[in-house]
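Asks:
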Amino acid sequence: FWPPNQPLSPLHHLISRNSFQQGDVDGARRLGRVAKLLSIVALVGGVLIIAMSCIINWGSKYGDHTH
């Protein structure tokens, strides 16, 4: 499972590269920063989802001592 914004980063990268090839350096830099930010958000979101899954799984496994 990946965060929903993960596919947006490669899309912005491709648009940034296309802008750079057309000579729009400022637009390429802006889109590159957006792609970088989306990649970081997706990475952090993925790590948080995995961490929460582990915490929930271990919590339900070791937290219930009623039986």
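Position 41 of the sequence shown, counted from 1, bears residue number 41 in the UniProt record's numbering, the numbering being contiguous throughout.
Where is the CB? At the ideal position from N, CA and C, for every residue including glycine.
Where does Q22 sit, in a helix, a strand or coil, going by DSSP?
Replies: Q22: coil per DSSP, three-state reduction.
Asks: Taking buried to mean at least 16 other C-beta atoms within 10 Å of its own C-beta, is L31 buried or exposed?
Replies: So L31 ends up on the buried side.
Asks: Just confirm the distance between the C-beta atoms of A35 and H12, as a whole number of angstroms; I'd bet it's less than 8 Å.
Replies: With a Cβ gap of about 4 Å, A35 and H12 count as contacting.
Asks: Should residue 79 and S39 be called a contact, given that it needs their Cβ atoms to be closer than 9 Å?
Replies: As shown, the chain starts at 1 and ends at 67. That puts residue 79 outside it, with no answer to give.
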